[in-house]
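**Q**
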Amino acid sequence: MSSDVALQLLTPDGTLVRNDRTSEYLPLIEALDETRLGDFYRQMAVIRRFDIEAGNLQRQGQLALWIPSIGQEAAQVGSGYAAMPQDHIFPAYREHVVGRIRGLDPMRIIEMLRGLSHGGWVPSETGNFHLYTLVIGSQSLHATGYAMGIALDRLTGTASGAVDSGKDPAVLVYFGDGASSQGDVSEAYTFAASYQTPQVFFLQNNQWAISVPVERQSRTPLYLRGEGFGIPSVQIDGNDVLASYAATSAALTAARTGHGPRLIEALTYRMGAHTSSDDPTKYRENEQVEYWAARDPIARYETYLRSLGVGDDFFAEVATEADDLAADVRARTLTLQDPPSTKVFAHVYSDPHPLIEAQAAWLAAYEQSLDESDDAELDEQAVGA
Amino acid sequence: MIEQLTMAKAINLGLQKALADDPRVLLMGEDIGTLGGVFRVTEGLKAEFGENRVIDTPLAESAIIGTAIGLAMRGYRPVCEIQFDGFIYPGFDQITSQLAKLTYRHEGALQFPVVIRVPYGGHIGAVEHHQESPEAYFAHTPGLRVVSPATPQDGYWMIQQAIAGNDPVMFFEPKSRYWQKGDVDREGPAGEFQASRVVRTGTDVTLVGHGAMVAALLQAADIAADEGTSAEVIDLRSLSPIDYGPILASVQKTGRIVVAQEAPGSVSVGSEIAATVAERAFYSLEAPVLRVSGFDTPFPPAKLEGVYLPDADRILEAVDRALAY
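Those sequence lines, one after another, are chains W and C. Here the numbering used here is used: the first residue of the first sequence is 56, the next is one more, and so on. Here the numbering used here is used: the first residue of the second sequence is 19, the next is one more, and so on.
Now the structure itself:
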């Protein structure tokens with residue numbers, strides 16, 4: 056699980072790593088101001104609290120499913136902050152904090168997992184954070200197509216506004232170790248390499264695809280797969296928020312400036328279940344969980360911030376913010392209403408479609424007939440009384 | 019002005035017009051650029067519009083569709099070519115689970131104007147996986163539109179209508195009709211995109227089909243006329259949605275209907291039409307709705323395609339059965 060080749064800027068005990076390899080990346084960290092360094096912690100801590108609350112809501116029957124991200128906060132927060140506002144992000148389904156960084160109201164995720172929507176958020180309103188995709192790995196192709204489109208904008212002259220490769224959008228796509236076995240991911244690597252797309256593949260290797268260990272997915276480290284496709288690839292310590300930020304920033308810059316796609320394999324660990332529907336004690340040993348608990352992404356980063364002089368006030372303030380968000384999410388979840396039955400038919404097509412219209416009209420008439428028969432029954436009861 | 023064109027040329031001209039009219043239109047697929055496609059439907063288009071508008075892709079159908087989805091998100095209108103009917107299945111998930119559902123998943127905020135061209139059907143004597151009729155899989159999938167032109171005129175206009183629409187369209191091209199010439203009027207008018215159409219009027223029996231089968235139905239109607247039976251022939255043109263208006267009106271007149279297709283009959287487009295006619299024209303029917311189709315077997319080796327594929331004789335056998343009631 057540990058790797059000698061993984062880029063690490065912050066050791067598990069919270070010390071900055073200074074050596075020949077990190078010297079390339081450390082300037083990216085040194086360029087961050089105090090606020091952004093604080094944001095890294097804030098987002099990690101707040102999303103963990105949110106995650107716990109959502110898990111509780113699921114246990115209490117308020118959600119059909121919960122997908123926990125505990126343990127993967129550093130991989131997600133670092134890479135999420137590396138993206139520029141114009142970039143497009145294609146998540147898998149566990150990147151709650153990346154959505155939050157981009158402006159997605161976490162309630163949209165709650166609504167989806169309560170069964171009120173299939174996502175339904177609009178990327179242009181959520182910082183170009185696209186919908187979750189549950190068919191494992193399929194979003195890798197959508198991301199690649201989107202990145203092909205960015206490249207074609209320049210080549211075909213359909214770009215709006217002046218072309219400035221430093222400010223052009225790039226694409227960041229998330230997937231996992233399980234997805235890396237999907238044909239779609241290999242096809243995405245192929246297309247990305249062929250068309251030299253401006254995109255970064257961000258592979259969170261959390262060691263487990265539900266109950267199957269990564270050793271069953273691959274005999275070779277997953278970042279080496281990228282090299283085989285002609286995509287420069289790097290393995291990082293995914294529980295190190297600074298490594299995640301710096302490696303993703305560098306990769307996005309390369310992609311954005313015409314150097315083609317990049318792959319990052321972030322070694323991390325899913326501390327909880329795959330989803331609320333499984334029981335990880337059935338397939339993995341406590342020893343492994345403890346190993347990773349000692350490498351917790353938030354604890355190590357707190358140590359680092361404290362070494363910079365960040366004090367108790369800051370951490371207390373973040374804890375309050377996290378509790379407030381959790382309370383707000385709980386309160387709002389309890390007021391959620393089921394969607395109207397007309398939502399079944401809404402937006403199956405963009406242009407008019409006679410079959411859908413006929414079925415919607417039938418359902419409306421059917422529901423009305425039920426209402427009327429209910430009324431009739433009530434009337435009979437009233438007469439009987 | 020009426021021109022005599024093959025369907026392959028008519029679709030080629032339709033694609034050319036779409037590329038010229040809208041810079042967001044892209045063609046993508048295997049061998050469609052320099053080669054012009056294995057059926058030459060995209061011949062000359064790369065030379066005219068360049069490799070960034072007519073894109074030769076790596077050999078991966080799932081990625082052709084999956085990246086077309088991403089391109090549509092970026093504002094493009096991709097037209098994908100699947101080289102042969104039997105090669106569409108590696109792209110099936112991206113078509114049915116992704117493309118078909120993404121507007122629904124986005125609650126209408128994003129549109130996915132992706133057209134997937136599929137040369138399909140038999141009668142060309144080709145090897146396995148090159149003569150199939152998989153249209154029912156897609157007609158069964160909510161979120162997709164499925165059409166199939168039977169004539170060069172429809173080939174020219176319907177491909178442009180498919181590209182101009184805002185929904186994903188499966189565009190099934192009957193490859194045995196690629197090289198037959200027919201009248202094309204490029205000045206229009208275009209027919210309604212997803213309307214079925216009476217292509218021969220008659221009074222005794224209604225014959226319904228799509229794609230290459232329309233020619234077989236017309237041939238059967240000619241023979242039937244010699245035998246004193248007046249057959250009305252309807253070209254479905256659209257398989258999802260199906261325009262039942264002309265079909266039901268015809269059955270009300272003839273009382274008999276035979277539905278023909280190359281695809282296997284079980285759980286097929288023909289089954290759906292049979293069920294709907296039985297539901298909606300029950301009192302007009304003088305005979306059961308009859309189906310003529312490929313058998314429920316894999317497409318056989320090419321030397322047996324004449325046994326497998328419905329022809330005028332098998333259609334007429336069904337007509338005789340319908341008239342016997």
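Note that CB positions come from ideal geometry on N, CA and C, so glycine has one too. Since we're looking at a predicted model, the values are computed, not measured.
Check each candidate in C:Arg204, C:Glu191, C:Gly140 and name the one with the smallest Cα separation from glutamine 34 (chain C).
**A** To locate residue 34 (chain C), count along the second sequence from 1; it is residue 16. Residue C:Arg204 is the option with its Cα nearest to glutamine 34 (chain C).
**Q** Leaving out five residues before and five after alanine 180 (chain C) in sequence, what residues of the same chain have Cβ atoms less than 7 angstroms from its Cβ?
**A** The count along the second sequence starts at 1 and reaches residue 180 (chain C) at position 162. For alanine 180 (chain C), where only same-chain residues beyond five positions count, the Cβ hits under 7 angstroms are Val133, Val165, Val187, Phe189.
**Q** Classify arginine 274 (chain W) as buried or exposed, calling it buried when 16 or more other Cβ atoms lie within 10 Å of its own Cβ.
**A** Counting from one through the first sequence, the residue named residue 274 (chain W) turns up at place 219. Burial call: exposed.
**Q** Considering only the alpha carbon of each residue, which of W:Ile265, W:His143, W:Tyr300 lies closest to arginine 325 (chain W)?
**A** Counting from 1 along the first sequence, the entry for residue 325 (chain W) is found at position 270. Cα-wise, what sits closest to arginine 325 (chain W) is W:Ile265.
**Q** Measure from the alpha carbon of serine 12 (chain C) to the alpha carbon of each residue in C:Ala157, C:Asp261, C:Thr219, then state which is nearest.
**A** Since the first and last residues shown for chain C are 19 and 343, residue 12 (chain C) lies out of range.
**Q** For threonine 188 (chain W), which option in W:Ala348, W:Leu391, W:Ile164, W:Gly126 has the closest C-alpha, if you only look at C-alpha atoms?
**A** On the first sequence, position 133 is the one that residue 188 (chain W) refers to. Residue W:Ile164 is the option with its Cα nearest to threonine 188 (chain W).
**Q** Examine chain A for any beta-carbon lying closer than 8 angstroms to the beta-carbon of alanine 208 (chain C), and answer yes or no.
**A** Here chain A cannot be found, since the structure's protein chains are W and C.
**Q** Kindly indicate which three-state DSSP category histidine 141 (chain C) falls into: helix, strand or coil?
**A** Residue mapping note: residue 141 (chain C) aligns to position 123 of the second sequence, counting from 1. If DSSP states are grouped into helix, strand and coil, histidine 141 (chain C) belongs with coil.
**Q** Counting only Cβ pairs nearer than 9 angstroms, list the residues of chain C close to alanine 52 (chain W).
**A** Outside the displayed span of chain W (56 to 440) sits residue 52 (chain W), for which this structure offers no information.
**Q** Which one of W:Phe246, W:Val365, W:Gly133, W:Glu128 has the shortest CA to CA distance from isoleucine 73 (chain C)?
**A** For the purposes of this step, residue 73 (chain C) is taken as residue 55 along the second sequence, with counting starting at 1. Answer by Cα proximity: W:Phe246.
**Q** Alpha carbon to alpha carbon, what distance is there between histidine 197 (chain W) and phenylalanine 102 (chain C)?
**A** Numbered from 1 along the second sequence, position 84 holds the residue referred to as residue 102 (chain C). Numbered from 1 along the first sequence, position 142 holds the residue referred to as residue 197 (chain W). Cα-Cα distance, rounded: 23 angstroms.
**Q** Of all the residues that make up the stretch 201 to 231 of chain C, which are near chain W by a beta-carbon distance shorter than 8 angstroms?
**A** Those residues of the stretch 201 to 231 of chain C that come within reach of chain W (Cβ to Cβ, closer than 8 angstroms) do not exist; the list is empty.
**Q** What does DSSP give as the partner residues of glutamate 99 (chain C) in its beta bridges?
**A** The residue you call residue 99 (chain C) lines up with position 81 of the second sequence. Answer by DSSP bridge pairing, in chain order: C:Gly47, C:Arg135.
**Q** For valine 190 (chain W), go through chain C and note every residue whose CB falls closer than 8 angstroms to its CB, in chain order.
**A** Here residue 190 (chain W) refers to the residue found at position 135 when the first sequence is read from its first residue. Result: Asp111, Ser115, Gln116.
**Q** Quick one: list the residues of chain C neighbouring glutamate 242 (chain W), beta-carbon separation under 8 angstroms, in chain order.
**A** Position 187 of the first sequence holds residue 242 (chain W). Chain C residues near glutamate 242 (chain W): Pro76, Ala78, Ser80, Ala81, Gly84.
**Q** Indicate whether at least one CB of chain C lies closer than 8 angstroms to the CB of isoleucine 122 (chain W).
**A** In the first sequence, the residue the question calls residue 122 (chain W) occupies position 67. Judged by the 8 angstroms Cβ criterion, isoleucine 122 (chain W) is not in contact with chain C.
**Q** What residues match up with alanine 321 (chain W) in a beta bridge as DSSP calls it?
**A** Your numbering for residue 321 (chain W) matches position 266 in the first sequence. Alanine 321 (chain W) is bridged to W:Gln259, W:Ile291.
**Q** Quick one: what's histidine 143 (chain W) bridged to in DSSP?
**A** The residue you call residue 143 (chain W) lines up with position 88 of the first sequence. Bridge partners of histidine 143 (chain W): W:Val226.
**Q** Looking at the secondary structure, which residues open and close the beta strand (DSSP E) in which glutamate 108 (chain W) lies?
**A** The sequence position of residue 108 (chain W) within the first sequence is 53, counting from 1. Taken as a continuous stretch (DSSP letters only), glutamate 108 (chain W) belongs to no beta strand (DSSP E), being part of the alpha helix (DSSP H) at 89 to 114.
**Q** When you compare only the Cα positions, how much space is there between glycine 209 (chain C) and isoleucine 191 (chain W)?
**A** Within the second sequence, numbered from 1, the residue matching residue 209 (chain C) stands at position 191. Within the first sequence, numbered from 1, the residue matching residue 191 (chain W) stands at position 136. The alpha-carbon atoms of glycine 209 (chain C) and isoleucine 191 (chain W) are separated by roughly 41 angstroms.
**Q** Can you check whether the CB of alanine 306 (chain W) is closer than 8 angstroms to the CB of leucine 83 (chain W)?
**A** Mapped onto the first sequence, residue 83 (chain W) falls at position 28. Mapped onto the first sequence, residue 306 (chain W) falls at position 251. No. Outside cutoff.
**Q** Distance check for glycine 324 (chain C) and threonine 181 (chain W), CA to CA, integer angstroms please.
**A** Position 126 of the first sequence, counted from the start, is the residue given in the question as residue 181 (chain W). Position 306 of the second sequence, counted from the start, is the residue given in the question as residue 324 (chain C). Straight-line Cα distance between these residues: approximately 57 angstroms.
**Q** Going by other Cβ atoms of all chains shown within 10 Å of its Cβ, with 16 needed for buried, is aspartate 338 (chain C) buried or exposed?
**A** Looking up residue 338 (chain C) in the second sequence gives position 320. Flag for aspartate 338 (chain C) reads exposed.
**Q** Compare the C-beta of methionine 56 (chain W) with all C-beta atoms of chain C and state if any pair is closer than 8 angstroms.
**A** Here the question's residue 56 (chain W) lines up with position 1 in the first sequence. Residue confidence is low: methionine 56 (chain W) scores 47 on pLDDT, short of 50, so the model does not pin down where it sits. Its coordinate-derived value is still stated next. By this cut-off, methionine 56 (chain W) is not an interface position.
**Q** Would you mind working out which of C:Arg95, C:Leu266, C:Pro96, C:Thr221 sits nearest glycine 246 (chain C), comparing C-alpha positions?
**A** Stepping through the second sequence from its first residue, residue 246 (chain C) is reached at position 228. For glycine 246 (chain C), the nearest C-alpha among the options comes from C:Thr221.
**Q** Buried or exposed: which applies to leucine 363 (chain W), given that a residue is buried once 16 or more other Cβ atoms fall within 10 Å of its Cβ?
**A** Translated into positions along the first sequence, residue 363 (chain W) becomes position 308. Answer is exposed; the Cβ neighbour count stays below 16.
**Q** With DSSP as the reference, label serine 256 (chain C) as helix, strand or coil.
**A** Within the second sequence, residue 256 (chain C) is the residue found at index 238, counting from 1. If DSSP states are grouped into helix, strand and coil, serine 256 (chain C) belongs with the strands.
**Q** Name, please, each residue of chain W whose Cβ falls closer than 7 angstroms to the Cβ of aspartate 185 (chain C).
**A** Looking up residue 185 (chain C) in the second sequence gives position 167. Here the neighbours are Tyr404, Ser405, Asp406.
**Q** Measuring straight from C-alpha to C-alpha, what distance separates glycine 285 (chain W) and proline 192 (chain C)?
**A** Position 230 of the first sequence, counting from 1, holds the residue named residue 285 (chain W). Position 174 of the second sequence, counting from 1, holds the residue named residue 192 (chain C). For glycine 285 (chain W) and proline 192 (chain C), the distance between alpha carbons rounds to 39 angstroms.
**Q** Would DSSP call aspartate 172 (chain C) helix, strand or coil?
**A** Looking up residue 172 (chain C) in the second sequence gives position 154. DSSP places aspartate 172 (chain C) in helix when its eight states are reduced to three.
**Q** Within 10 angstroms of its Cβ, does arginine 274 (chain C) collect 16 or more other Cβ (buried), or is it exposed?
**A** Counting from one through the second sequence, the residue named residue 274 (chain C) turns up at place 256. Result: buried.
**Q** For glutamine 127 (chain W) and arginine 58 (chain C), what's the separation of their Cα atoms in angstroms?
**A** Translated into the one-based positions of the first sequence, residue 127 (chain W) becomes position 72. Translated into the one-based positions of the second sequence, residue 58 (chain C) becomes position 40. Near 51 angstroms, if we compare the C-alpha coordinates of arginine 58 (chain C) and glutamine 127 (chain W).
**Q** Since leucine 92 (chain W) and tyrosine 80 (chain W) are thought to touch, with beta carbons under 8 angstroms apart, how far apart are those beta carbons, to the nearest angstrom?
**A** Mapped onto the first sequence, residue 92 (chain W) falls at position 37. Mapped onto the first sequence, residue 80 (chain W) falls at position 25. Rounded, the Cβ-Cβ distance is 15 angstroms, inconsistent with contact.
**Q** Tell me, please, whether the CB atom of serine 331 (chain W) is closer than 8 angstroms to any CB atom in chain C?
**A** In the first sequence, counting from the first residue as 1, residue 331 (chain W) sits at position 276. No, because no Cβ of chain C sits closer than 8 angstroms to the Cβ of serine 331 (chain W).
**Q** Does the beta-carbon distance from glycine 126 (chain C) to histidine 402 (chain W) come in below 8 angstroms?
**A** Looking up residue 126 (chain C) in the second sequence gives position 108. Looking up residue 402 (chain W) in the first sequence gives position 347. Result yes, Cβ atoms of glycine 126 (chain C) and histidine 402 (chain W) sit closer than 8 angstroms.
**Q** Nearest by alpha-carbon distance to leucine 360 (chain W): which of W:Asp94, W:Arg73, W:Asp142, W:Ala86 is it?
**A** Translated into the one-based positions of the first sequence, residue 360 (chain W) becomes position 305. Ranking W:Asp94, W:Arg73, W:Asp142, W:Ala86 by Cα distance to leucine 360 (chain W) puts W:Asp94 first.
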